[in-house]
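Asker:
Protein chains in written order, with this note's numbering: chain A, 114 to 768; chain B, 114 to 768.
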């Protein structure tokens, strides 16, 4: 168990419990305490001075703190590691009374993480093992018993294991004679169960001796950018190894459209198929080595990806996906042999491909719906996977509707002046002093800032809006008394870090254009949800919960996302995060055939809406191009906070 | 219609109707009229002189006939072509009266040929089309209709063609998008029907436009020596093209055992698989070109072969077939893709492989049982496929038993001093003058003799035995007044043709050792039948009919085969010949799924007897090492003929 400590921040008089070794500045950020800091936590700006009033911290000393101040208990918050209970005073403007301090506290909340495993499936009655191993000892043939090898195996399974309706594939027939005679007709058969009871059980592999304890599968998420794989123990449901890598198709185009364009060239489709198979094979190799399993003990691989990634993987030309009326080749694919699509797995391994709903709501989303159990739940759920394209599913066990909307690349740092992917040096957290308008920046890796990632962008915009630095159109209050607000080439911006504090020797700023792009992106998603809800006769108020999927959902500050109107306002307890939903769905399908049984009906019944062809979408979109929305009444808690702040502070100070 | 003419032979006063253009000597042979002839019909020995007494023939003149004799009507029978009704006098020994002549007449009878076709199947209620083509016109997608291509196709078939439980293979998904858009969503789908109603119909191909009239399949017999293929029109059941070629595996061993030995070598199995696929591909290419069909219109290929040939074709190592207890890998094989075994057919073509019963009763025999309809018939039937190995099936619609016996190569000319395959120059027909013991020889191609083929050997032995040139032990009556009987190196032989009359410049003779080998071969087969019948509590007398299969059955003289005791004595009307039964079965399976439905049960219920492990086999074998058998009572008609001849001729003349 991790040791935790209690920190009390003064004058706010706010307590927070943190893990041993946490820095004071991150603790303050989590507690909603602003401490000026613009170097991202690297300890160079020297602004994050705090006073240790009781207890002690490790480190926190710097030449920027004079010996006298050191004696008084001054430390740099970003360099101070919490090793015991401690009371910390944050020097603040005297003009702010504690009631203001308290009101500025909106606790940082990321979504609750939900993981499902084999026991959940068993408890829910959803467990239908897809691949089973059976150890058997067969009688040896002799002059009275000439049964063919296959008949010997099949009859024994029929008589002694109640296995009927068995089929045997040619590769198994090929290896059976030698395998039987390797260990005196004692063998382990791998049985692939049918999805439906009317189907047949296929003997997909035979091994000499007893290998029944070693039964594995692979789950794979084929993302446009990244591919993740897991090696799963089918006996326990445990993930034995996991690895991710960039999809090597990136060299042929960053997004799905450019991949489709490439696939239409002579030999392009074959090339893209080959390189994605190579990436998958690299991952397979790594996770097999990592988990130390025998490749022959792997029975199946389940793959989930968006519609284009799926078609490229299966060498099905995706050309009509990008042409009106945007029709995919298929949404369902039959089980195939993994080797047939160039995967470096044994002959007997079955490849199962997640079905899709449409050209833009693919197998990755369906995997999320299945893996999260959304399709079995009574609660009305909003499922969102946010990236360049945001896919939305709304529904419950009785009905499901889905849509995709193009959010643009803002959440991944695209179209943002200093935007970057969520990597080391990206500003990921932000706070603002409502009197001095000085910032508090946290970067990934606590190094000097290089740029702004998607989650940082959302937090900044939310904080700036709530404190009045920007208005509900995303425009700066140009009258505020801070040098950080300035006009550069006709564009207003707020300087987050001065050149000397950065890694890039340029001032890092957030511009009104950046904010505009973010508003467009969140507007597209929110109006997508609105439109979809309206199409099914519902409203945001009817939602029982939200499921967030994708990397984005793991770190986004829920309250901030609601503040800018990206997410509808809902009790954060009702928001759950399921991580890589595509991988989760692939994993769950590896563990039970129940999902494969249900998924056909789910994809068939899921209504797919083309937002661009839905009349109300444009109206909803225009209405969503505000912070948080034209209709503030949809965000009652934010409305209340804004009103409280206004009454405490009065209108934003102008001098 | 062929023009026919009537020939009357004198002094026998026997009439026969022959086709226009037939030679007089072949007409005589068919009528059971002996005319001395030892050059095979080439016209060089000049022995076959006859007198045209009425009517006329074309040709028949030779320098061996003097102008005076020509005037008298003398002609060489082998050079005389029948072009009108004619009366011919054969000069015979005056010692023979006409009653003898009449008694020596045993009409030449080959088995009645039975062919089955699509109409027979339909009439018998056995028609379940295995591959159907459906032409459909689909609505084109638009902004209101985004159905994926596969869904569009499948839904339409469901709604408008009552097609449920459809599956679509990956290759079809790959081609569908382009095919749909080639001819405005008008396509023809090829549907592969399930064997059992519980199965699914698979869409295995789609083609632009209406190709529903063009639906073909291939049937292939994979023989150890020869491979035959047929291209079949599935609409009409007609055979559009047929071709045979030597199995290229011959270079790696003449018989199955040597092939198995080769397959056990490093890379041997792969090599044998490759070369048999190459032979098949050569045949496929030829019959496709011959029939002028588009390869894309071929839906399936059905292959039948013995157990070893089947395993080699499917790259299943046959090593345990030749090792006690002689166990095959499998007797049933799943449908596979033709391309997966290296066949030069379209991606979508399904390869169906005939199931076997055991290591030595293979798919070729099962194909015969299925194709002949034996398994559905009430009559107790003996089915025989005679070659180096003879396979025997006895039974009817209620039960089936089978066995294989090694006959040795005598029927194919092996182990016979002047033995040869049935090729040009092989003595294939024979008659003997019971006074002078001069022979009448017919060769394949009517050229000077080169050797003796299997059917010739049987006829010679039968004729010699019936006329008393050899006794029931196969030994020559050494006292007979003919130079043709002689001892050479301690072995007695009968000279069929003197060196000058042959192509090989050596006397061609039949030796006692040759006859001994033939008796062993026929003894093995007959005792196999006896043993099998005894095992199921039956005897030869219970047989309702005999079905002969294989090339051998097409030309064997039935009466002669009964005379030597190769076949049980039965009304020749009850013997039918079905040709290449393996090919017939493959063809019938291509036409209806009913056979595939039934065959699993047939192979399962067919009792296979290992003769070498059946106690009574050796006794039966020893009893069969006589002409026709120790127990002449089993051959009542022959017994009667022998008695009649004895009373007419007295014991064979000794001088």
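Using N, Cα and C, we set each Cβ at its ideal position, and we do this for glycine too.
Would you mind listing the alpha helix (DSSP H) stretches within the region 340 to 406 of chain B that are 4+ residues and don't spill past its ends, in chain order?
Answerer: Whole alpha helix (DSSP H) segments, 4+ residues: 369 to 376 and 381 to 404.
Asker: Need the endpoints of the beta strand (DSSP E) that residue 515 of chain A sits in, please.
Answerer: 513 to 519 is the span of the beta strand (DSSP E), which, as asked, contains residue 515 of chain A.
Asker: Mind checking residue 315 of chain B: buried by the 16 CB within 10 Å criterion, or exposed?
Answerer: Looking at its Cβ environment, which holds 16 or more other Cβ atoms inside 10 Å, residue 315 of chain B is buried.
Asker: Judging by CA-CA distance, which residue of A:385, A:361, A:401 and A:337 is the nearest neighbour of residue 355 of chain A?
Answerer: That would be A:401, whose Cα lies nearest to the Cα of residue 355 of chain A.
Asker: If you drop the 5 nearest sequence neighbours on each side, which residues of the same chain put their C-beta closer than 6 Å to that of residue 578 of chain B?
Answerer: Cβ within range, chain order: 740.
Asker: Looking at the unbroken alpha helix (DSSP H) that takes in residue 424 of chain B, where does it start and where does it end?
Answerer: 420 to 426 is the span of the alpha helix (DSSP H), which, as asked, contains residue 424 of chain B.
Asker: 8 Å is my cut-off, CB to CB: does residue 287 of chain B come that close to chain A?
Answerer: So, interface residue.
Asker: Counting only Cβ-Cβ distances shorter than 8 Å, please list the residues of the region 433 to 446 of chain A near chain B, keeping chain order.
Answerer: Listed by position, the residues of the region 433 to 446 of chain A near chain B (Cβ gap below 8 Å) are 433, 437, 438, 439, 440, 441, 442, 443, 444, 445 and 446.
Asker: I'd like the list of long-range same chain contacts for residue 546 of chain B, defined as Cβ closer than 6 Å, with 5 residues on each side in sequence excluded.
Answerer: Within the same chain, residue 546 of chain B has close Cβ partners 147.
Asker: Between residue 487 of chain B and residue 656 of chain B, which are expected to be in contact by the criterion C-beta below 8 Å, what is the C-beta distance as a whole number of angstroms?
Answerer: Not quite, the Cβ-Cβ distance comes to about 12 Å (not below 8 Å), so this is no contact.
Asker: Which of helix, strand or coil does DSSP assign to residue 320 of chain B?
Answerer: Note: residue 320 of chain B maps to strand in three-state DSSP.
Asker: Does residue 280 of chain A get closer than 8 Å to chain B when you measure Cβ to Cβ?
Answerer: It does; some Cβ of chain B falls within 8 Å.
Asker: If we call anything under 8 Å between Cβ atoms a contact, is residue 673 of chain A one with residue 572 of chain A?
Answerer: Contact flag set, yes.
Asker: Tell me whether residue 615 of chain B is buried or exposed, calling it buried when 16 or more other Cβ atoms sit within 10 Å of its Cβ.
Answerer: Flag for residue 615 of chain B reads buried.
Asker: So, is the C-beta of residue 283 of chain B closer than 8 Å to a C-beta in chain A?
Answerer: By this cut-off, residue 283 of chain B is an interface position.
Asker: Quick one: Cα of residue 126 of chain B to Cα of residue 158 of chain B, how far?
Answerer: Rounded to whole angstroms, residue 126 of chain B to residue 158 of chain B spans 26 Å at the Cα level.
Asker: Just mark residue 424 of chain A as buried or exposed, buried being the case when its beta carbon has 16 or more other beta carbons within 10 Å.
Answerer: The residue in question, residue 424 of chain A, is buried, as its Cβ has 16 or more Cβ neighbours within 10 Å.
Asker: Mind listing which residues of the region 233 to 258 of chain A have their C-beta closer than 8 Å to chain B's C-betas, in chain order?
Answerer: If the cut-off is 8 Å between Cβ atoms, the region 233 to 258 of chain A has 254, 255, 256 and 258 near chain B.
Asker: As an exercise, report each continuous alpha helix (DSSP H) stretch of at least 4 residues that is fully enclosed by the region 529 to 594 of chain A, in chain order.
Answerer: Fully enclosed alpha helix (DSSP H) runs of 4 or longer: 567 to 580.
Asker: Please return the same chain residues whose Cβ sits closer than 7 Å to the Cβ of residue 645 of chain A, not counting the five positions on each side in sequence.
Answerer: The residues are 505, 507, 514, 516 and 722.
Asker: Along chain A, which residues have their Cβ under 8 Å away from the Cβ of residue 428 of chain B?
Answerer: Those are 287, listed as they occur along chain A.
Asker: Measure the CB-CB distance between residue 171 of chain A and residue 186 of chain A and report whether it falls below 8 Å.
Answerer: Taking 8 Å as the Cβ cut-off, residue 171 of chain A and residue 186 of chain A do not qualify as a contacting pair.
Asker: Among the residues of its own chain, which have a CB less than 7 Å from the CB of residue 589 of chain B, if the five just before and after it don't count?
Answerer: Contacts found: 582, 583, 598, 605, 607 and 625.
Asker: Do we get a CB-CB distance below 8 Å when we pair residue 58 of chain A with the residues of chain B?
Answerer: For chain A, the structure presents residues 114 to 768; residue 58 of chain A sits outside this window and is missing.
Asker: What is the DSSP secondary structure of residue 194 of chain B, reduced to helix, strand or coil?
Answerer: Correct three-state label for residue 194 of chain B: strand.
Asker: Out of curiosity, what's the CA-to-CA distance linking residue 629 of chain A and residue 652 of chain A?
Answerer: Distance between the alpha carbons of residue 629 of chain A and residue 652 of chain A is about 26 Å.
Asker: What does residue 449 of chain B touch in chain A if you count any residue whose Cβ is under 8 Å from its own?
Answerer: By Cβ distance, chain A contributes 283.
Asker: Measure from the C-beta of residue 726 of chain B to each C-beta in chain A and report whether the shortest distance is under 8 Å.
Answerer: Yes - at least one Cβ of chain A is within 8 Å of the one on residue 726 of chain B.
Asker: Could you give the distance in angstroms between the alpha-carbon of residue 191 of chain B and the alpha-carbon of residue 405 of chain B?
Answerer: Approximately 41 Å between the Cα atoms of the pair.
Asker: Whole angstroms are fine: how far does the CA of residue 194 of chain A sit from the CA of residue 180 of chain A?
Answerer: Each residue's alpha carbon lies about 20 Å from the other.
Asker: Which one of B:441, B:259, B:199 and B:118 has the shortest CA to CA distance from residue 260 of chain A?
Answerer: Considering only alpha carbons, the answer is B:441.
Asker: In terms of alpha-carbon separation, which member of B:471, B:684 and B:715 lies closest to residue 437 of chain B?
Answerer: Nearest of B:471, B:684 and B:715 to residue 437 of chain B, Cα basis: B:471.
Asker: Compare the Cα-Cα distances from residue 200 of chain A to each of A:233, A:246 and A:129 and report the closest residue.
Answerer: Residue A:129 is the option with its Cα nearest to residue 200 of chain A.
Asker: With respect to the alpha helix (DSSP H) encompassing residue 745 of chain B, which residues constitute its N-terminal and C-terminal limits?
Answerer: Element bounds for residue 745 of chain B: n/a, residue is neither H nor E.
Asker: Residue 690 of chain B: which of B:498, B:759, B:262 and B:627 sits nearest, CA to CA?
Answerer: Among B:498, B:759, B:262 and B:627, the Cα nearest to that of residue 690 of chain B is on B:498.
Asker: Any idea what DSSP makes of residue 430 of chain B, helix, strand or coil?
Answerer: Coil.
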